[in-house]
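Residue numbers (the UniProt record's numbering): 1 to 82.
Below, the structure is given as C-alpha cells:
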C-alpha cells in the first residue's frame, strides 16, 4: 500500500465488527451505539417484490439506519428477476 493509502486508513479508522444475532436487529443497534458514518453490507435480491432490487434483510436494515450505506453484491451475481 502506498503512503496516501496508509494515511487514508489512519484518518478514516475503519472498523470491522463480527456480530452474533439477527442482522435486522444487531446491525442497526450497533450502528446507533457507535454512531457510524457508513455501513457496508452485502446484499442479494432473492425473492418477492420487496427483494426485487436488494435483499429483504438489507432493505429492512437500510430503513433503520441514520447513516450512509454502501450495499455490495457478490461477484458474478445475476438477478433471478427477468
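Built from N, CA and C at the ideal position, the CB exists for glycine as well.
Check for me: the alpha helix (DSSP H) holding residue 5 runs from which residue to which? The residue given as residue 5 occupies position 5 in the chain shown. It spans 3-12 - the alpha helix (DSSP H) in which residue 5 sits, taken as one unbroken run.
Could you check which residue in 44, 22 and 65 has the C-alpha nearest to that of residue 35? The count along the chain shown starts at 1 and reaches residue 35 at position 35. Closest option to residue 35, judged by alpha-carbon separation, among 44, 22 and 65: 65.
Grouping DSSP H, G and I as helix and E and B as strand, with all else coil, what is residue 38? For this step, residue 38 is matched to residue 38 along the chain shown. In this structure, residue 38 counts as strand in the three-state DSSP scheme.
Quick one: what does DSSP say residue 68 is sitting in, helix, strand or coil? Here residue 68 refers to the residue found at position 68 of the chain shown. Three-state result, residue 68: strand.
Measuring straight from C-alpha to C-alpha, what distance separates residue 61 and residue 22? Position 61 of the chain shown, counted from the start, is the residue given in the question as residue 61. Position 22 of the chain shown, counted from the start, is the residue given in the question as residue 22. In this structure, the straight-line span from the alpha carbon of residue 61 to that of residue 22 is close to 11 Å.
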